[in-house]
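In order, the protein sequence lines correspond to chains A and B.
Counting in UniProt numbering, the first sequence runs from 1 upward without gaps.
Counting in UniProt numbering, the second sequence runs from 1 upward without gaps.
Positions of the beta carbon are idealized from the N, C-alpha and C atoms, including for glycine.
What follows is a short report on a single structure.
Protein chains: 2
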Amino acid sequence: MTVTEQPAAETTSTTGPVIDTDVHEMIGDINFLDFVDEPWKGRLHPDNWMGISIPYSWPTTGGLARPDAIPDNGERAGSDYNLMREQHLDAFDIRFAILTGLLYPSEFKVQPDFAAGIAKAYNDWVAHEWLAKDPRFLGSVHIAAQEPEVAAAEIDRIGSHPQMVQVMLPVISHDTFGRKYYHPIYEAAVRNDLAVAFHQGATIETAVGLPPFYIEWHTGISQAWQSQLISLVIGGVFEKFPDLRVAMVESSWTWLPHLMWRFDHNFRSLRREVPWVKRLPSEYIRDQVKFTTQPMEIVENPDHLYQMFEMVGNDEFLMFSSDYPHWDFDSPTRSLPPSFPADLRRKILFDNAVKFYKLQDRL
Amino acid sequence: MTVTEQPAAETTSTTGPVIDTDVHEMIGDINFLDFVDEPWKGRLHPDNWMGISIPYSWPTTGGLARPDAIPDNGERAGSDYNLMREQHLDAFDIRFAILTGLLYPSEFKVQPDFAAGIAKAYNDWVAHEWLAKDPRFLGSVHIAAQEPEVAAAEIDRIGSHPQMVQVMLPVISHDTFGRKYYHPIYEAAVRNDLAVAFHQGATIETAVGLPPFYIEWHTGISQAWQSQLISLVIGGVFEKFPDLRVAMVESSWTWLPHLMWRFDHNFRSLRREVPWVKRLPSEYIRDQVKFTTQPMEIVENPDHLYQMFEMVGNDEFLMFSSDYPHWDFDSPTRSLPPSFPADLRRKILFDNAVKFYKLQDRL
C-alpha cells in the first residue's frame with residue numbers, strides 16, 4: 001500500500017491536539033538544593049558536582065540545546081517554565097507534555113545511596129517546581145535502579161501523585177535491565193499503574209564502546225535501546241508482568257522490523273536456552289512496547305516509511321515526541337511526512353499516547 | 001511493488017549457479033603447525049593454545065557446528081575437504097566458494113607479533129591445503145591489523161595469489177577500523193585489487209557488552225557491523241579509497257534502511273565535525289559496500305523483504321552466503337523466499353558476487 005492511496009492531511013501547519021512524550025525540564029538555578037536531604041545536600045557543590053555528562057565536545061551550534069531555547073538569564077535550556085510554555089506548549093496545541101528530565105540517578109556508576117538521595121530530591125523538585133505549575137505536565141518517577149528495593153519504595157512513595165505517569169530508566173551500556181535483580185522495579189510500576197520509559201542516558205555506548213566522533217556515537221546509540229529491549233524479553237519481564245507498559249523514548253524505531261525478524265528467527269533456533277520465555281519476542285514487543293517519534297528520520301520516499309508501519313504490524317506503537325529543548329528537536333508540524341494519512345497522523349500525535357498513558361479520563 | 005507482481009522462480013529446489021561468499025575452512029589436525037615459523041611454532045601447543053573462542057556455552061545441538069558436518073574422525077566441522085566437497089560444493093551448483101576461516105589474528109588482544117606470525121602461517125596453509133585442492137575455492141588474506149604496516153606487507157606478499165580475492169577483517173568491539181591508523185591496510189587492498197571483508201570475530205560485543213544469554217548476544221551483534229560501517233564512512237575510508245570494495249559478511253542486512261536514513265539525517269546536522277566526509281553516508285554505502293545473505297531472516301510476508309530492497313535502492317548489494325558448516329547454515333535452495341523474482345534470485349545467488357569479486361574472466 002502506498003501513502004498516496006490514502007486520504008492525506010489537509011495541511012501540515014495545523015496538527016490538531018498533540019501529546020508530547022519527551023520534554024526535558026532541566027535544573028537551572030540551585031533552588032534544586034532546597035529539595036535535597038542531608039547528607040547529600042552538604043556534598044553537592046554546583047561548581048564541582050555537575051551530574052553526569054556526555055563525554056564528547058559538541059559539533060552542534062548550541063551544545064545540547066536548541067540555541068533559541070536558552071533563557072535570557074543564561075541558565076540551561078529547559079530550565080525556564082515561562083519560556084517553555086510560550087515557545088513550546090502554547091505555540092502548538094500541546095495538551096500534555098511528559099517531562100523526562102535528564103539527570104538519571106540510575107546511571108550513576110558510583111555511590112548508590114547518593115543516587116537514591118538525588119532521585120528522591122528530583123521527584124519532589126519536579127512535583128513542586130513543574131507539575132504544580134501547569135496541569136498539562138505529566139511526570140516521570142526518577143529512581144536509583146541500582147538499589148531495586150529502594151527504587152520500588154520511591155515508586156510507591158511518589159508514584160501515586162496524580163500527574164506521575166511513568167518510571168524513568170536510562171538506556172545505559174554497563175548493565176541490562178532484563179536481569180532478575182531489577183524485577184522489583186517493574187513490579188512496583190505495575191502496582192502503581194505506571195508505565196516504564198527508557199530514555200537515553202549520558203553513559204550510553206555503542207557496540208564499539210565510545211567511537212572517536214560524536215556523529216558516530218549519535219548514529220549508533222539506538223543499538224543500546226535494542227539491546228535493552230532484547231534483555232527485557234529474554235529476562236522474562238514481559239512474560240512475568242503482562243500488564244507492564246514500556247515506552248522506548250528517543251530510540252528511533254525504523255530498526256524495529258529488522259529486530260523483530262532477527263529476534264524471532266533466533267528464538268525459533270535458540271529458545272531452549274531461555275525456557276521461561278513463552279511467546280515469540282515480536283509478540284511481547286507488539287503487545288507491551290511503544291516508541292516515540294523523535295529523532296524522526298528524513299526519508300526521501302514517504303512510502304518507505306509507511307511500509308515500515310505495515311512491517312511492524314500495527315499503527316499504535318508510535319507516539320509523538322519533540323525532545324524540546326534539545327538541538328535535534330522535532331516540531332509537531334514538521335516531523336511527520338505531509339503525505340501520511342490524517343488518521344495515522346492523529347494516532348501518532350495524540351491517540352496512541354492517550355491510550356498508552358491511560359489519559360482518557362483527563363481529556 | 002509486491003513480489004507477486006513479478007515473475008517468480010519456477011521452483012526452489014534448483015538454484016542455477018551459486019557463489020557462496022562465506023564458507024569456513026577450519027584447522028582440523030595439527031598439520032597447520034608445519035606452516036608456522038619459529039619462534040611461534042615452538043609456542044603453540046594444541047592442548048593449550050586454542051585460539052580465541054566465543055565465551056558463551058552453546059544452546060545449539062552441535063555447538064558452533066551443523067552436527068552432520070562434523071567429520072567421522074571427530075575433528076572440527078569444516079576441516080575435511082572431502083566432506084565439504086560432497087556435502088556442500090557438489091550437493092549444490094556452487095561455482096565458487098569464498099573461504100573465510102575463523103581464526104582471525106586481527107582480534108588477538110595480546111602479542112601482536114605472534115598474531116602476525118599466525119596470519120602468515122594461516123595464509124600459506126590455506127593456499128597449500130585448500131586453494132590448491134579445488135579451483136572453486138577463493139581465499140581471504142588474513143592479517144594482524146593491529147600492526148598495519150606488517151599487515152600491508154603480508155597483503156603484498158600473498159595477495160597476488162590468483163585465488164585470493166579479499167582481505168579479511170574481523171568485526172570486533174574494542175576498536176574501530178575507520179581510524180587513520182588502519183588506512184595502510186585499505187591502501188594495500190586497493191593496490192592488490194582485493195576486496196576487504198568484515199566477518200564476525202569471537203570478541204564481538206553489543207551495545208551492552210556481553211549480555212547474559214547467547215540468544216541476546218546473537219540477536220544483538222549485528223550492531224557491531226553497523227558501528228564498523230559507520231566508522232569506515234566517518235574515518236573517510238571510502239572518500240580516500242574510492243576503488244575500495246567492502247563486503248559485510250554475516251552481518252544481516254535488513255537494518256540497512258534504518259542505518260542509511262539515520263546516518264544521512266545525522267550527517268546533515270553534524271557534518272561540520274567531519275569535513276573530510278564529502279558525500280552522504282548512504283552514497284558511499286550504496287557505491288562501495290555489499291552484504292551477504294546469511295543469516296537470512298524468516299519474514300512472514302515476503303513483500304516486506306522485497307520492500308527492503310527498494311529502500312536500499314538497488315538489487316546489487318546482496319550476495320548469497322551459507323556460513324557452511326555452522327549451526328545456522330542457510331541452504332542455497334531454501335534461504336531466499338520462493339516468491340522472489342527469478343532475476344533477483346539469480347543476482348543474489350550469482351551475478352552480484354561475480355561483479356563484486358571481478359570473477360567474469362574465471363567463468
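Item	Value
Selected residue, minimal CA-CA separation from A/Ser322, among A/Asp315, A/Ile94 and A/Arg157	A/Ile94
Beta-carbon spacing of B/Ala195, B/Arg245 below 8 Å	yes
CB contact check: A/Tyr182 to chain B, cutoff 8 Å	no
Same chain, Cβ closer than 6 Å to B/Tyr104, five either side skipped, listed in chain order	Pro170 and Gly201
Option in B/Met311, B/Thr292 and B/Val299 with minimal Cα separation from A/Asn301	B/Met311
Distance, B/Leu256 Cα to B/Thr11 Cα	Note on B/Thr11: pLDDT 42, under 50, position unreliable in the model; the coordinate value appears next. Cα to Cα, the separation comes out at about 29 Å.
Minimum C-alpha distance to A/Gly64 - residue among A/His218, A/Leu99 and A/Pro112	Note on residue identity: the sequence assigns Leu, not Gly, to residue 64 of chain A. That would be A/His218, whose Cα lies nearest to the Cα of A/Leu64.
Three-state secondary structure (DSSP) of A/Ala357	Checking the sequence shown, residue 357 of chain A turns out to be Tyr, not Ala. Three-state DSSP puts A/Tyr357 in coil, outside helix and strand.
Integer-rounded CB distance, given that B/Trp130 should sit under 8 Å from B/Tyr81	7 Å
For A/Ala145, three-class secondary structure by DSSP	coil
Residue span of the beta strand (DSSP E) that contains A/Asp237, given as start and end	The sequence given here has Val at residue 237 of chain A, not Asp. Run containing A/Val237: none in the beta strand (DSSP E); it sits in the alpha helix (DSSP H), Val237 to Lys240.
Same chain only: Cβ atoms within 8 Å of A/Met319, ignoring 5 sequence neighbours per side	Ile19, Thr21, Ala247, Lys290, Phe291, Thr292, Thr293, Ile348, Asn352, Ala353 and Phe356
Partners in chain A for B/Gly220, counting only beta-carbon separations shorter than 7 Å	Gln226, Ser227 and Ile230
Residues sharing a beta bridge with A/Ala97, DSSP	A/Asp20 and A/Phe137
Whole alpha helix (DSSP H) elements within the region 30 to 87 of chain B, 4-residue minimum	40 to 43 and 81 to 84
Delimiting residues of the beta strand (DSSP E) encompassing B/Met248	Val246 to Val249
For A/Leu103, the first and last residue of its enclosing beta strand (DSSP E)	Per DSSP, A/Leu103 belongs to no beta strand (DSSP E) and is neither H nor E.
Three-state secondary structure (DSSP) of B/Met260	helix
Residues that DSSP places opposite A/Thr206 in a beta bridge	A/Gly209
Where B/Leu138 falls, given that 16 or more other Cβ within 10 Å makes a residue buried	buried
Identity of the residue in B/Ala224, B/Ile185, B/Ala189 and B/Pro148 nearest B/Val165 by Cα	B/Ala189
Residues sharing a beta bridge with A/Leu169, DSSP	A/Phe198
Within 8 Å of chain A by C-beta, residues of the region 256 to 280 of chain B in sequence order	Pro257, His258, Leu259, Trp261, Arg262, Phe263, Asp264, His265, Asn266, Phe267, Arg268, Ser269, Leu270, Arg271, Arg272, Glu273 and Val274
Alpha-carbon to alpha-carbon, B/His174 and A/Glu154	38 Å
Beta-carbon proximity check, A/Leu89 vs A/Ser140, cutoff 8 Å	no
Among A/Arg262, A/Pro212 and A/Pro281, the one whose alpha carbon lies nearest that of A/Gly235	A/Pro281
Residue environment, A/Gln360, which counts as buried when at least 16 other CB atoms sit within 10 Å	exposed
Neighbourhood of A/Phe263 by C-beta, 6 Å cutoff - its chain only, sequence neighbours within 5 removed	Pro281
Cβ of B/Val354 within 8 Å of any chain A Cβ	no
Partner residues on chain B for A/Ala207, Cβ-Cβ distance less than 8 Å	Ser173, Ile204, Glu205, Thr206, Ala207, Gly220, Ile221, Gln223, Ala224, Gln226 and Ser227
Any C-beta of chain B under 8 Å from that of A/Thr254	yes
B/His142 classed as buried or exposed, judged by whether at least 16 other C-beta atoms fall within 10 angstroms	buried
Residue range of the unbroken alpha helix (DSSP H) whose run includes B/Lys109	B/Lys109 -> no alpha helix (DSSP H), and no H or E assigned at all.
Selection of the region 321 to 355 of chain B by Cβ proximity to chain A, strictly under 9 Å	Trp327 and Asp328
Start-to-end residues for the alpha helix (DSSP H) that takes in B/Thr219	Tyr214 to Gly220
Exposure label - B/Val110; buried when at least 16 CB within 10 Å	exposed
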